[in-house]
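Using the numbering used here, read the sequence shown as starting at 171 and increasing by one per residue.
One structure is given here, and the rest of the page talks about it.
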Amino acid sequence: MKPQNGISISVLRRTILFFVFVLLHFSLAFAQENKNINIHFENDSVAVEKGSTFTNFLVVENKSSEEITIQNIIPQENYPGLLFYPKNELTLGAGQSKTLPVKLIANMDFMKLKSNKIQFQVSYVTPTVTRTESTSFFVAKGDNKNIAIYTATYENFINPALPQSSILLTVENQGYSKRTVKIDLQSIPDGLEVMPKQQTVSLEGLEKQTLEIKIAVRKQNTLYPEFNINAIVTDLLDNKIVGSNTLYLVVLSHNRQIARGNEAVSGSNFAELSYNENSSGFNYLQLRGNTAFRITDNLKSRFNIGADYYHEDGRYNLYDTWLELERKNTVLRVGNVNSSDYDYPVFGRGGKISTRFGNNNQVEILALENNYNLYGTYFQQTEGSTLAGAKYGFGNAKSFNGKVSYIFEHDPRFNVDTQIANAVTSLLINDKNAIRTELGVSHEKGLLNHDENAGASMGANYEGKIGKWDLQSVNSFATKSYAGIKRGSFFSNQRIGRQFSASQRAFIQYQNSQVNPEFLSYQGAPVQSGNTADFRYYFNSTEALGLGYQFSLKKWNFLLSPKVEKQKTANFYTSQELFSYRLEANISTTLGAHGLNLTAEYSYSKENNNPDWFNSLKTTLSYRYKSFSLNGTAQWNATSVFDLNSYYDVSRNFANYNVYASYNFQMFNHNLTGSFSAGTFYSELYKNLNSNITGNLEYKISPSWSTTGYFNLSGYKSTAEYSTSGSYYQFRVGIKKYFTPATAFGNHKVAFQFFEDKNSNGLLESGEPVLANEIIKLDNYVAMTDKNGKVVFQNVPEGTYTLKVNESAGARLMMDPVIMVHNNINRKVGLVKNIRVGGKLTEIKQAYDVLETDVTGIVVYAKSEDGTIYTAVVNQKNEFEFFLKAGKYNLYIENDKYSYTQPSQTIQVTKEGYSKTVVFEYKKKDTTIKVKKF
């Protein structure tokens, strides 16, 4: 039987069988060759730390019966920090193997590499085939995953008379890898309008960014003088919480200072005098400064000042001003004081003393009055609350630490006495598992109505990794009457993640949070029986269950996360509830200097058990190119329960938009630095339109002097029925003086001047040159001398150090290298230049010998007459060098891989130098000669 085209079935069968046989033959040959030529790195994974050098060895094994030639070893990309890898062609005989070093340094650019995979392409030739194989290893970086978020000052003031107040947030990536994070801001209690409530930020390794948020006070909540903003930072790659903080806000009343702006005394070793003018008419001269100085050898000091002078009224304010004294392990601070880790706001004017003892133990005692100003005549000096406290820290820096604190506050304004005790412990079980526990108790007493509240809080957190599973559990609970920061709160966040590969992972997450505090009665009026009205009542809760899947394709990262969420908020005036099904998607990429991030969240929701469901969408687009960033957010309909609390009666169909751009720049050889930012916010929900432009400039007149400038222009317009509008401007011009950086407390300044001591008497004399560009080490700290031979090590703690010079470059110390540091040191150090002795290894080849040798890494020894042995290593050019003192030396090689015609040689080194080249000739022990046939 034949097919229609005329070819017999038997021919077709034989043809198919022939091709199958050929394919099997080649497949077996390829598999056999891959099996016979084995290329891999000695270590699959290498742990690295910033600044360290490390070496992994590339192993090439020729298990075949034929000779192979390694032609090229090429890195997959131009890895920063790659110091050395084999570049010469080499030959491996049958059954031979070769171990080749690949050396890198974990510098900053290396630590910032997006991928932890180091990959090389190895090309080799056999008598039958030319092939290229890929091999790789992974680096385990000690990367900090935390994102810090904080404000420039501990307390931030909100003026309810202004349409809006601005607060600057600093977001800091404390790790080396690029991160894209989401920042959520929530007012506690609900009463502040925060714009925007959510932002997406892309941060390079160790980068800081400053974000501006706008704060407005809603009318029904002006009773509360203090607010908190809970800031939570979530990594969009794995949806894990990587940072959080509580930002403290104070709504100004008639007896408090109005909001001055966003400037705070920051930086060190400078003084700046500036003129500030704004549209409100509060024009003033401002002095800011900070310096450190030494009073005696054992007593150091720091001084900080912030002062405003209102020249039209002849009045002044002194704030953020303090003096700090340190002697050994004890620090005393007087003036404006703040402190943390008390689970209570601690700031004001007074004194604080702390002392360290043991390895990681510290005691702190403070007493202060809660008043922002240190002293002033512009604002009336009212009596603030008085506060006293103590804290004890203990443990070790690695596996276990903790603290216990106590605070007592007497508040004459509210006539309340408050006591809080808090304890925290952290236990690092191993490098993959950590536990943190917290416990607090409190007591409040009303001094007029004699009512009392007792409260307690507790918390337990766990974070760990088991194989490819990531576990995170964050839990805290505080009773309604607990007087600490977490008053009346419950928080539970459980997250389980699974990593399938370097580019794929999934997670499931459950969150339940509630805030429902309880306060003492108003002490200004007696408690009336039967009166249950509580104007300070509020309640917020969020419960959510979500899944997520992340994956990467080349340079693109994707996230899909469905979620079910229920939110509720209530206060004395209103109550709202929102139930939602949500789907969040995120796409991000980095293309060279360009960065792009798109987040979208679709919600299908219903409010207050209403049977009608509605759709909503919120999307954020972030683009970044070098120092320029552009962010935009659009929202349609309510995505949060707080959107239902609108002061204006609008339907659920509304739109909010905002666009924000910023640019940081350096010009004129870095003498001009600055930043510009501009944004506009439109809210159909709150019936307003806001715009803002801000600029900050600094121009260096000289290395220690600069001029500064700042401006802010903002506008506000209400689109409600009875619309209002307004604008605000502020500008500042000043001059700034920088001082030489001072050594930190408890540390010392160690300075050396190095010179060539030609007569070896240890004194710098006429005709003896200073040594510029010499590498100097003080233990592991490295510096280079300047043109005058000088080098300075700042902030050196007390202790014993070893001074080293780069002896391989031909210099040696004429003094004891052990340095005892217990005060500042300024010393001249003489060096004696050694004499260079160079040499090389030369192969003696027989005719027709084409097999190349490799003597790289062979050690050459030089033994002096007193028995001291020096070593040198043969480089890739088959050369070596010594730097030796004058004298007689025996140079020799102890290596049995090759035969040396003269393995030991004696040389005489004089002060005039050694101009000859020491040559060691060698030949192979076993030589295979290929004879050409004609």
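Backbone N, C-alpha and C define an ideal beta-carbon position, used for all residues, glycine too.
All of these numbers come straight from a predicted model, not from anything done at the bench.
When DSSP labels each residue in this structure, what does D279 get in the three-state scheme? helix
Is L252 closer than 8 Å to L274 when the C-beta atoms are compared? yes
Test item: CB-CB of I402 and S414 under 8 Å: A contact, by the Cβ cut-off of 8 Å.
With 16 other CB atoms within 10 Å as the buried threshold, where does P245 fall? exposed
According to DSSP, which residues form a beta bridge with M985? According to DSSP, which records beta bridges pairwise, M985 is partnered with nothing at all.
Quick one: Cα of S357 to Cα of R665, how far? 25 Å
Could you tell me the boundaries of the beta strand (DSSP E) in which K1093 lies? T1087 to K1094
Buried or exposed for R668, please, with buried defined as at least 16 other CB atoms from any protein chain shown within 10 angstroms of its CB. exposed
If you count every other CB in all the chains shown that lies within 10 Å of the CB of V1088, and 16 or more means buried, which is it? With 16 or more Cβ atoms within 10 Å of its Cβ, V1088 is classed as buried.
Buried/exposed call for K287, threshold 16 Cβ in 10 Å: Taking a 10 Å sphere around the C-beta of K287, we find fewer than 16 other C-beta atoms and assign the residue as exposed.
Residue environment, K389, which counts as buried when at least 16 other CB atoms sit within 10 Å: Its pLDDT being 43, under 50, K389 is placed unreliably in this model, and the value from its coordinates should be taken loosely. The residue is exposed, with fewer than 16 neighbouring Cβ atoms inside 10 Å.
Whose CA, out of F647, S792, S775 and Y793, lies closest to the CA of N785? S775
Any heavy atom of the ligand ADP inside 7 Å of the beta-carbon of N727? Judged by which ligands are present, the structure shown has none, so any question about the ligand ADP falls away.
Under the three-state reduction of DSSP, which class applies to F824: helix, strand or coil? Three-state DSSP puts F824 in coil, outside helix and strand.
Hey, how far is the Cα of E237 from the Cα of K268? 13 Å
Can you tell me whether Y454 is buried or exposed, with buried defined as 16 or more other CB within 10 angstroms of its CB? buried
Answer yes or no: do F709 and A740 have a C-beta to C-beta separation smaller than 8 Å? Yes; because the gap between Cβ atoms is below 8 Å, this pair is in contact.
Tell me where the beta strand (DSSP E) around Y852 begins and ends. L842 to S853
Please report how far the alpha carbon of A831 lies from the alpha carbon of A848, in whole angstroms. 5 Å
Closest Cα partner of S596 within the set N623, E633 and L1011: It is E633 whose Cα lies nearest to the Cα of S596.
Start-to-end residues for the beta strand (DSSP E) that takes in P732: W726 to N741
According to the neighbour-count rule (16 or more other Cβ atoms, all chains shown, within 10 Å of its Cβ), is F527 buried or exposed? exposed
Please state whether the Cβ-Cβ distance between N866 and S845 is less than 8 Å. yes
Within its chain, find whatever has a CB closer than 8 Å to the CB of K725; leave out the 5 residues flanking it on each side and keep chain order. Once the five neighbours on either side are set aside, the close Cβ partners of K725 are T759, T760 and L761.
When we look at the beta-carbon of Q674 and count the other beta-carbons within 10 Å, is it buried (16 or more) or exposed? exposed
Going along the chain, which residues of its own chain have a beta-carbon closer than 7 Å to the beta-carbon of Y951, five neighbours each way excluded? Closer than 7 Å at Cβ, skipping near neighbours: F963.
Alpha carbons only, please: which of E938, A921, G885 and T302 is nearest the one belonging to D927? E938
Which one of G221, N756 and V594 has the shortest CA to CA distance from K573? The shortest Cα separation from K573 among G221, N756 and V594 belongs to V594.
Spatial neighbours of L766 within its chain, please: C-beta separation below 7 Å, excluding the five flanking residues on both sides. S758, T759 and Y793
Is G625 closer than 8 Å to A120 when the C-beta atoms are compared? This structure gives no information on residue 120, because the portion of the chain shown stretches from 171 to 1104.
By the DSSP assignment, the beta strand (DSSP E) with F452 in it spans what residues? Unbroken run through F452: none, as it is neither H nor E.
Can you tell me whether E614 is buried or exposed, with buried defined as 16 or more other CB within 10 angstroms of its CB? buried
Give the secondary structure of N663 by DSSP, where H, G and I count as helix, E and B as strand, and everything else as coil. strand
Which residues mark the beginning and the end of the beta strand (DSSP E) in which Q344 is found? No beta strand (DSSP E) holds Q344; DSSP gives it neither H nor E.
List the residues that DSSP assigns as beta-bridge partners of Q356. N400
Might you give, ordered along the chain, the residues of its own chain that have their beta carbon closer than 6 Å to the beta carbon of K974, omitting 5 neighbours on each side? If we look at K974 and ignore the five residues flanking it on each side, its Cβ neighbours are K947.
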